[in-house]
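Residue numbers (my numbering), protein chains in the order written: chain A, 1 to 193; chain B, 194 to 386. Below is one structure, written out as structure tokens, with a few remarks after it.
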DNA sequence: TTTTTTGTTGATTGACGAGTCAATAAACTT
DNA sequence: AAGTTTATTGACTCGTCAATCAACAAAAAA
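In structure tokens:
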């Protein structure tokens with residue numbers, strides 16, 4: 001009973017299932033069959049729509065990154081002034097939509113994927129550049145010449161906090177993560193010059 | 194031509210080859226055959242000595258962590274006073290022996306392994322606890338009650354810097370990494386109480 | 001010198017998984 | 001009504017790889 005216009009629905013379901021499966025397994029070693037089953041279809045159909053496993057992984061990664069970007073962008077529009085914008089970036093980075101067990105696990109695995117698959121590397125590079133640029137933009141009027149180093153530091157710290165959260169058992173604690181980054185930022189801002 | 198006492202030699206060669214292979218491939222998806230070939234023996238022999246692939250991975254991980262710990266410990270004995278000890282930990286963390294392309298790549302992959310293999314998780318937890326405890330010990334007399342948060346932040350930052358280095362193309366820059374962490378630390382220390 | 005221990009490998013097994021294909025069916029087009 | 005496009009899957013191919021085995025070699029122990 002083929003209803004038409006299934007393609008976007010099935011693709012979305014597969015992307016979601018890919019993230020969930022990778023996140024839950026904690027590994028890229030998930031079979032197309034597993035993903036397809038979770039998305040409620042045959043593995044053949046998954047191949048039909050995506051052409052291959054790698055394309056599915058890339059789509060999933062793109063999705064995670066897109067959600068993240070949207071989250072930050074959404075927080076940014078409401079923010080007025082450098083301090084508020086900086087805060088928005090931090091809060092957005094740990095927004096509940098991204099900062100969930102499965103997504104964090106998938107995130108870490110995508111980092112590893114970027115080591116092997118050039119397209120994945122490019123995706124990640126875009127995210128990193130955007131984050132850095134966002135931070136820099138806020139920091140420049142606040143700390144001047146110290147902005148670049150601070151931006152790099154904050155970006156690394158955010159990644160590090162994600163990493164630690166991925167390994168820690170139990171539910172992720174977004175509030176603690178935000179507090180951690182804020183504390184670091186506060187120390188730098190308290191410095192004169 | 195079986196010379197006796199091969200076991201430790203072959204095991205060491207396999208561990209080294211495992212790290213190199215994972216680091217170079219950027220993935221845990223390396224075959225026992227590849228590792229064994231790099232170590233100059235048959236895959237059957239690798240199985241003979243380690244019993245299985247997972248055991249080889251764990252031994253490799255243990256080795257990386259051991260080298261790291263030795264590096265930090267070595268730097269610590271020469272250090273006198275909290276500030277110097279803190280500095281030793283940072284410098285030791287980015288010592289050339291660990292902070293090399295292949296090793297960093299392997300490191301990241303071991304983090305992912307820890308998500309799947311409980312024994313790997315335990316190994317990593319030990320490293321994390323030790324790092325935190327080392328940092329805390331130095332920081333307590335320097336910043337008092339702020340020590341715990343600062344220690345967590347520094348630990349996360351170090352991991353984050355590693356992560357970024359793993360993804361960045363080109364040779365790792367230990368000096369820049371150290372400077373990055375030091376800059377963060379300096380900001381926190383400049384704060385009164 | 002016979003036996004045991006240690007070292008070593010080529011060949012094989014057995015499982016699993018990505019990707020393809022042929023076939024079926026329901027919708028849309030002409 | 002005939003033809004085309006879209007949806008869908010079970011079955012199959014083909015390759016890969018971890019793990020095992022049987023066999024051989026040499027040193028050490030008996």
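We put the CB at the ideal spot given by N, CA and C, even for glycine.
Please state if the CB of residue j and the CB of residue i are separated by a distance shorter than 8 Å.
i	j	result
residue 304 of chain B	residue 108 of chain A	yes
residue 238 of chain B	residue 229 of chain B	yes
residue 165 of chain B	residue 264 of chain B	Residue 165 of chain B lies beyond the stretch modelled for chain B, which goes from 194 to 386, so this question has no answer here.
residue 157 of chain A	residue 346 of chain B	yes
residue 381 of chain B	residue 356 of chain B	no
residue 384 of chain B	residue 147 of chain A	no
residue 10 of chain A	residue 41 of chain A	yes
residue 396 of chain B	residue 249 of chain B	With chain B covering only 194 through 386, there is no way to say anything about residue 396 of chain B.
residue 266 of chain B	residue 272 of chain B	no
residue 47 of chain A	residue 30 of chain A	no
residue 114 of chain A	residue 132 of chain A	no
Take residue i as the anchor and find which of the options has the nearest alpha-carbon.
i	options	result
residue 25 of chain A	A:174, A:166, A:139	A:166
residue 247 of chain B	B:375, B:309, B:385	B:309
residue 269 of chain B	B:286, B:231, B:250, B:236	B:286
residue 371 of chain B	B:280, B:266, B:196, B:210	B:280
residue 123 of chain A	A:175, A:97, A:65	A:65
residue 290 of chain B	B:366, B:379, B:201	B:366
residue 171 of chain A	A:104, A:12, A:52	A:104
residue 299 of chain B	B:256, B:320, B:327	B:256
Look up residue i in the DSSP assignment and say whether it is helix, strand or coil.
i	result
residue 361 of chain B	coil
residue 98 of chain A	coil
residue 312 of chain B	helix
residue 152 of chain A	helix
residue 235 of chain B	coil
residue 197 of chain B	coil
residue 222 of chain B	coil
residue 384 of chain B	coil
residue 274 of chain B	coil
residue 352 of chain B	helix
residue 51 of chain A	coil
residue 173 of chain A	coil
Along chain A, in chain order, which residues have C-beta atoms closer than 9 Å to that of residue i?
i	result
residue 285 of chain B	Under the 9 Å cutoff, chain A gives no residues; its nearest Cβ is about 18 Å from residue 285 of chain B.
residue 302 of chain B	112, 115
Can you give me the C-alpha to C-alpha distance between residue i and residue j, rounded to a whole angstrom?
i	j	result
residue 125 of chain A	residue 242 of chain B	41 Å
residue 215 of chain B	residue 21 of chain A	23 Å
residue 121 of chain A	residue 5 of chain A	32 Å
residue 82 of chain A	residue 375 of chain B	25 Å
residue 138 of chain A	residue 353 of chain B	21 Å
residue 323 of chain B	residue 333 of chain B	15 Å
residue 209 of chain B	residue 231 of chain B	9 Å
residue 142 of chain A	residue 91 of chain A	19 Å
residue 95 of chain A	residue 236 of chain B	47 Å
residue 337 of chain B	residue 379 of chain B	15 Å
residue 176 of chain A	residue 200 of chain B	48 Å
residue 169 of chain A	residue 12 of chain A	29 Å
residue 180 of chain A	residue 99 of chain A	15 Å
residue 196 of chain B	residue 227 of chain B	24 Å
residue 377 of chain B	residue 327 of chain B	17 Å
residue 321 of chain B	residue 282 of chain B	13 Å
Name the chain B residues whose beta carbon is nearer than 8 Å to that of residue i?
i	result
residue 180 of chain A	342, 345, 346, 349
For a contact defined as C-beta to C-beta under 7 Å, what are the partners of residue i on chain B?
i	result
residue 161 of chain A	349
residue 173 of chain A	Residues of chain B passing the Cβ test: none, with the nearest at roughly 12 Å.
residue 164 of chain A	349, 352
residue 86 of chain A	Within 7 Å Cβ-Cβ: nothing; residue 86 of chain A doesn't reach chain B, min ~15 Å.
residue 183 of chain A	342, 346
Starting from residue i, find everything on chain A with Cβ-Cβ shorter than 7 Å and list it in chain order.
i	result
residue 298 of chain B	115
residue 380 of chain B	187, 188, 191
Please compile the residues from chain A whose C-beta is within a distance smaller than 8 Å of the C-beta of residue i.
i	result
residue 203 of chain B	Going along chain A, no residue has its Cβ under 8 Å from residue 203 of chain B, so there is no contact; the nearest lies around 27 Å.
residue 219 of chain B	112, 115, 116
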